[in-house]
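The next block holds one structure in the form of structure tokens; read it before the comments.
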RNA sequence: GCACUCGUAGCGCAAUUGGAUAGCGUGUCAGCCUCCGACGCUGAAGGUUGUGGGUUCGAUCCCCGCCGGGUGCACCA
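In my numbering, the protein residues as written are 6 to 564.
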């Protein structure tokens with residue numbers, strides 16, 4: 006039940022609509038004040054009365070009922086207190102009904118969201134900088150799906166460009182089949198790095214020639230390229246598996262090569278294309294932006310051209326209601342240009358394209374530099390976090406069965422959570438000290454809380470679980486938190502911020518731990534109270550697991 | 001130079017999008033395991049929300065100026 010609209014329905018203020026009242030209803034800063042509040046200041050002008058008086062009038066005229074137990078005016082606010090039993094029953098029964106899918110809604114029914122994320126480059130290993138787009142996109146995918154949207158996860162592979170000519174050239178000169186098979190993506194990357202260090206004029210020319218050969222469909226060049234692509238995909242799929250990330254499409258840049266021409270033709274038809282310094286561009290000066298280059302002066306396409314074709318293809322293929330691009334804010338201008346060009350082409354769906362921008366990752370000694378070896382590989386971060394989890398488990402829970410499995414869940418969870426906990430726009434300075442610290446506001450805290458709850462439920466050993474008693478303060482604070490989950494999911498989707506869910510999980514875990522310290526559960530004073538508290542414990546567990554699952558993080562049985 | 005963006009406790013970040021006494025974690029200090037998991041909990045200390053104006057009953061949030069950091073600004077992605 007939606008208490009805000011319930012209250013709005015029953016509060017009468019002349020000249021103010023229900024919607025306005027519903028929008029104005031807020032949560033008091035201190036639960037001691039009440040559960041919901043209505044600040045009356047903005048109504049004072051319309052009614053030409055003091056807010057204090059309005060609040061008093063609203064409180065006095067509020068019809069008492071079984072849902073709201075109190076309406077009290079305080080300094081221009083009306084503070085409402087809900088009937089705790091009724092509220093608690095509503096929250097708990099919804100959680101019990103929806104289970105692991107708690108927070109579901111019909112908001113997205115019949116709507117499709119495309120999400121472009123992770124987008125790996127062929128022949129380049131994942132470093133810590135790729136983590137954000139991967140887990141942000143993966144989480145948004147789950148969040149939108151929870152809200153009933155049909156979701157399409159797209160890995161827009163970087164599988165086209167002059168770098169592959171260089172790679173083939175390097176492989177021909179220094180490479181070795183067995184070595185590449187054995188060394189995998191890092192061996193390939195080493196070849197590419199070496200090319201950039203050592204290539205002379207002749208090699209550059211050779212590389213250009215190989216690029217041409219790939220494009221013209223030369224068998225040998227393409228076989229090599231496909232092998233590099235294959236090795237890359239095998240490698241990233243291993244990482245995606247550990248991070249619980251999935252995609253519905255791996256259509257990358259090369260996929261759109263034969264789909265650009267119609268879009269270019271349409272640009273021409275609409276008189277948007279013009280020549281400038283030898284290149285074909287869309288002039289955006291009117292909009293305060295540099296021109297959008299469609300074709301280079303040598304006639305070749307650019308990544309923007311491929312992005313343009315991809316947008317049209319996605320609209321055609323998926324008929325999306327929204328298409329998200331989870332890409333770092335460095336590309337702000339590029340997406341602004343891209344979206345503007347599509348708008349200028351008269352496509353009303355340009356408004357449905359969203360650049361979900363996030364901050365950059367650097368290291369303590371400055372920006373990452375692959376060439377200088379100043380780089381943190383994602384797989385190293387994962388394995389170090391999992392090893393750390395293993396160490397802690399060995400120390401704190403030496404008798405634990407399936408230690409490796411639990412360490413994987415805990416360690417990987419910490420990596421993912423660390424990338425999702427703060428607002429996505431914030432820059433991150435990566436350090437192992439921080440990444441390996443599992444204290445405080447982390448997934449480990451939430452997982453620990455779950456393990457604690459599970460342990461309590463196990464200890465109850467089949468005792469009666471259920472029923473309802475008037476909740477005390479700690480119990481009710483927890484219940485309110487549990488009830489806030491669906492709203493948090495909606496908020497996360499609306500702002501494209503999985504951090505809302507991550508913070509929700511920590512906040513709710515804190516509330517549970519307070520409840521746990523304050524209230525005896527298994528050893529409650531009466532059987533009824535124990536049954537109720539066990540019910541509350543189980544609902545918390547369901548909710549925390551639901552929240553973590555939206556982030557792609559699991560919950561171990563014990564840890 | 002222009003555009004975008006960030007600036008909140010020593011450090012890392014929140015603040016329900018304009019609401020009440022600005023919160024949480026970490027770090028420091030002092031406590032709590034012969035009561036269900038101490039990877040936990042309680043308390044103390046720590047703030048002129050970068051700065052100066054403006055709008056408003058009310059500003060961390062909106063507007064303008066300034067200071068500081070980051071990013072981008074034509075054929076790379």
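Backbone N, C-alpha and C fix where the C-beta goes; we use that ideal spot for every residue, glycine too.
Extent of the continuous alpha helix (DSSP H) to which residue 281 belongs: Per DSSP, residue 281 belongs to no alpha helix (DSSP H); it is in the beta strand (DSSP E), 278-281.
Nearest neighbour of residue 160, chosen from 242, 563, 257 and 410 [CA to CA]: 257
Test item: CB-CB of residue 147 and residue 557 under 8 Å: yes
Residue 51: CB within 7 Å of a non-hydrogen atom of the ligand FAD: Absence of the ligand FAD is noted for the structure shown, with no ligands found whatsoever.
For residue 503, the first and last residue of its enclosing alpha helix (DSSP H): Residue range 503-523 is occupied by the alpha helix (DSSP H) that includes residue 503.
Outcome for residue 201 when other beta-carbon atoms lying within 10 angstroms are tallied against a minimum of 16: exposed
Those runs of the beta strand (DSSP E) which lie wholly inside the region 50-126 and span at least 3 residues: Counting whole runs of 3 or more residues, the region 50-126 contains the beta strand (DSSP E) stretches 73-79, 82-87 and 117-121.
Cα-Cα separation between residue 46 and residue 110, rounded to whole angstroms: 34 Å
Residue 402 versus residue 468: straight-line alpha-carbon distance, rounded: 26 Å
Cα-Cα separation between residue 307 and residue 263, rounded to whole angstroms: 13 Å
Every unbroken alpha helix (DSSP H) within the region 320-378, with a cutoff of 4 residues, ordered by chain: 337-349
Completely contained alpha helix (DSSP H) runs for the region 173-250, where each covers 4 or more residues: 182-203, 206-220 and 224-248
Extent of the continuous beta strand (DSSP E) run through residue 8: Counting along the chain, residue 8 falls outside any beta strand (DSSP E), though it belongs to the alpha helix (DSSP H) covering 8-15.
Residues of its chain near residue 165, where Cβ-Cβ distance is below 6 Å and the 5 sequence neighbours each way are ignored: 258 and 259
In DSSP terms, what residue 44 is bridged to: 82
Contact under 8 Å by Cβ, residue 390 with residue 357: no
Stretch pair the region 113-123 + the region 82-89: three plus CB contacts closer than 8 Å: no
Three-pair Cβ contact test at 8 Å for the region 539-558 versus the region 481-496: yes
DSSP state of residue 302 mapped onto helix, strand, coil: coil
Close-in-space but distant-in-sequence residues of the same chain around residue 74 (CB under 6 Å, 5 per side omitted): So the list reads 86 and 88, once near-sequence residues are dropped.
Other residues of its chain near residue 143: CB distance less than 6 Å, five sequence neighbours each side excluded: The answer, listed in chain order, is 250 and 557.
Residues near residue 473 in its chain [Cβ-Cβ closer than 7 Å; skip 5 each side]: 90, 93, 94 and 537
Under the three-state DSSP convention, the category residue 254 falls into: strand
Candidates 414, 517 and 384, of which the one nearest residue 461 by Cα: 517
CA-to-CA distance, residue 281 to residue 447, given in whole angstroms: For residue 447 and residue 281, the distance between alpha carbons rounds to 52 Å.
Spatial distance of residue 20 from residue 524 (CA atoms): Straight-line Cα distance between these residues: approximately 47 Å.
Opposing strand residues paired with residue 297 [DSSP bridges]: 287
Burial state of residue 53 (16 or more Cβ within 10 Å): By the neighbour-count rule (16 or more Cβ atoms within 10 Å), residue 53 is not buried but exposed.
Reduced DSSP category for residue 529 - H, G, I as helix; E, B as strand; rest coil: coil
Member of 372, 221 and 16 whose CA lies at the smallest distance from the CA of residue 62: 16
Span separating the alpha-carbon of residue 78 from that of residue 28: 19 Å
Endpoints, the alpha helix (DSSP H) within which residue 484 is located: Boundaries of the alpha helix (DSSP H) harbouring residue 484: 478-488, taken from the DSSP string.
Burial state of residue 545 (16 or more Cβ within 10 Å): Only buried fits residue 545, as 16 or more other CB atoms lie within 10 angstroms of its CB.
Through-space distance from residue 547 to residue 377, alpha-carbon basis: 47 Å
Helix, strand or coil at residue 148 [DSSP, three-state]: helix
Beta-carbon separation (whole angstroms), residue 527 vs residue 450, contact threshold 8 Å: Contact flag wrong, Cβ pair sits at about 22 Å.
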